[in-house]
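Position 141 of the sequence shown, counting from 1, maps to 141 under full-length UniProt numbering, and the rest follow consecutively. A virtual CB, placed ideally from N, CA and C, is assigned to each residue, including glycine.
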Amino acid sequence: ALSMAEGLPEDGCLVACELEPYLKEFAQPIFDKSPHGKKITVKTGPAMDTLKELASAGEQFDIVFIDADKPNYINYYNFIMDNNLLRLRGVICVDNCLFKAKVYLKDTTDSNGLALREFNEFISNDPRVEQVIVPLRDGISLIRRVSVTSQNSFSQCNTTDDEVFRGVKGRSILDRM
1 ALSMAEGLPE DGCLVACELE PYLKEFAQPI FDKSPHGKKI TVKTGPAMDT
51 LKELASAGEQ FDIVFIDADK PNYINYYNFI MDNNLLRLRG VICVDNCLFK
101 AKVYLKDTTD SNGLALREFN EFISNDPRVE QVIVPLRDGI SLIRRVSVTS
151 QNSFSQCNTT DDEVFRGVKG RSILDRM
């Protein structure tokens with residue numbers, strides 16, 4: 001969290017979700033010693049409770065980093081997207097998306113590997129986002145929220161409409177910028 005806070009502008013803010021209070025108690029003195037620590041707010045308790053609280057307050061984020069209980073990744077993602085916690089063109093970074101290569105093993109019985117395989121497939125089919133998986137260590141997925149526009153919006157403004165313009169997943173180049 002502190003490394004991320006160092007990259008934020010002076011008025012930036014970071015909300016960290018920790019299930020266990022002792023982790024907040026451990027980290028807070030370290031945050032307090034840093035000039036960037038004031039940008040960090042640590043919320044303790046189940047992450048879904050914190051997400052609900054943030055959604056109720058109308059919060060939106062440019063970046064969301066998910067590194068939590070793997071079987072709930074898809075639930076966190078859906079809640080974030082369905083409740084507009086992620087701004088348009090915002091990015092969700094998901095840690096461990098390749099999970100010890102278990103997402104590739106056809107006969108895996110590992111619950112985390114199976115959950116992450118399902119998550120990756122779900123994201124790849126979600127028209128609201130574009131995804132890149134960076135195969136570094138256990139993998140990190142970079143998921144960008146894009147606008148989903150109707151086919152008619154381009155014909156009404158005399159915009160070219162061909163394969164180059166439509167590009168990735170049939171999204172216009174304007175929506176991919």
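#1: Below 8 Å on the Cβ atoms is my guess for Leu-2 versus Ile-30; work out the distance and round it to an integer in Å.
#2: Between which two residues does the beta strand (DSSP E) holding Asp-62 run?
#3: Where does Ser-153 land, buried or exposed, given buried means 16+ other C-beta within 10 angstroms?
#4: Going by the CB atoms, is the gap between Ala-16 and Lys-39 shorter than 7 Å?
#5: Look at the alpha carbon of Arg-117 and the alpha carbon of Gly-90, and state the distance between them as a whole number of angstroms.
#6: Taking only the alpha-carbon atoms, compute the straight-line gap between Asp-107 and Asn-125 and give it to the nearest angstrom.
#7: Are Arg-144 and Glu-121 closer than 7 Å when you measure CB to CB?
#8: Per DSSP, Arg-89 is paired with what?
#9: Write down the C-beta distance between Leu-51 and Tyr-77 rounded to the nearest angstrom, noting that I regard them as a contact closer than 8 Å.
#10: Give the straight-line distance between the Cα atoms of Gln-60 and Gly-113, rounded to the nearest whole angstrom.
#11: What are the boundary residues of the beta strand (DSSP E) that Ala-16 is part of?
#12: In this structure, how does DSSP classify Leu-116 when only helix, strand and coil are distinguished?
#13: Below 8 Å on the Cβ atoms is my contact criterion, and I expect Ile-92 with Ile-80 to pass it. Report the Cβ-Cβ distance as a whole number of Å.
#14: In terms of residue numbering, what span does the alpha helix (DSSP H) encompassing Glu-53 cover?
#15: When the distance is taken between beta carbons, is Phe-26 closer than 7 Å to Tyr-73?
#16: What span of residues does the beta strand (DSSP E) with Leu-23 cover, start to end?
According to the structure data:
#1: Position 2 of the sequence shown, counted from the first residue, corresponds to residue 2. Position 30 of the sequence shown, counted from the first residue, corresponds to residue 30. With a contact defined as Cβ atoms closer than 8 Å, Leu-2 and Ile-30 qualify at about 7 Å.
#2: Start at 1 with the first residue of the sequence shown, and residue 62 comes out as number 62. Where Asp-62 is concerned, the enclosing beta strand (DSSP E) starts and stops at 61 to 66.
#3: As a first step, residue 153 is located in the sequence shown; it is residue number 153 there, counting from the start. Low local confidence applies: a pLDDT of 46 at Ser-153 is under 50, so the model's placement there is unreliable, with the coordinate-based value given in what follows. So Ser-153 counts as exposed.
#4: Within the sequence shown, the letter at position 39 stands for residue 39. Within the sequence shown, the letter at position 16 stands for residue 16. No.
#5: One-based indexing of the sequence shown puts residue 117 at position 117. One-based indexing of the sequence shown puts residue 90 at position 90. The alpha-carbon of Arg-117 is positioned some 23 Å away from that of Gly-90.
#6: On the sequence shown, position 107 is the one that residue 107 refers to. On the sequence shown, position 125 is the one that residue 125 refers to. Counting only the Cα atoms, Asn-125 lies some 23 Å from Asp-107.
#7: As a first step, residue 144 is located in the sequence shown; it is residue number 144 there, counting from the start. As a first step, residue 121 is located in the sequence shown; it is residue number 121 there, counting from the start. Going by beta carbons, Arg-144 and Glu-121 fall outside the 7 Å limit.
#8: Translated into the one-based positions of the sequence shown, residue 89 becomes position 89. DSSP, once it has assigned bridges, lists no residue as partnering Arg-89.
#9: Residue mapping note: residue 51 aligns to position 51 of the sequence shown, counting from 1. Residue mapping note: residue 77 aligns to position 77 of the sequence shown, counting from 1. No, Leu-51 and Tyr-77 are not in contact; Cβ-Cβ is about 10 Å, not under 8 Å.
#10: For the purposes of this step, residue 60 is taken as residue 60 along the sequence shown, with counting starting at 1. For the purposes of this step, residue 113 is taken as residue 113 along the sequence shown, with counting starting at 1. When only Cα atoms are considered, Gln-60 and Gly-113 end up about 30 Å apart.
#11: To locate residue 16, count along the sequence shown from 1; it is residue 16. DSSP places Ala-16 in the uninterrupted beta strand (DSSP E) bounded by 14 to 18.
#12: Along the sequence shown, read from residue 1 onward, the residue named residue 116 stands at position 116. In this structure, Leu-116 counts as helix in the three-state DSSP scheme.
#13: Translated into positions along the sequence shown, residue 92 becomes position 92. Translated into positions along the sequence shown, residue 80 becomes position 80. Indeed, because the Cβ distance is near 7 Å, the residues count as touching under 8 Å.
#14: Numbered from 1 along the sequence shown, position 53 holds the residue referred to as residue 53. Boundaries of the alpha helix (DSSP H) around Glu-53: 47 to 56.
#15: Your numbering for residue 73 matches position 73 in the sequence shown. Your numbering for residue 26 matches position 26 in the sequence shown. Taking a C-beta distance under 7 Å as the contact criterion, Tyr-73 and Phe-26 do not qualify as a contact pair.
#16: Looking up residue 23 in the sequence shown gives position 23. Note, Leu-23: premise wrong, no beta strand (DSSP E); alpha helix (DSSP H) at 21 to 33.
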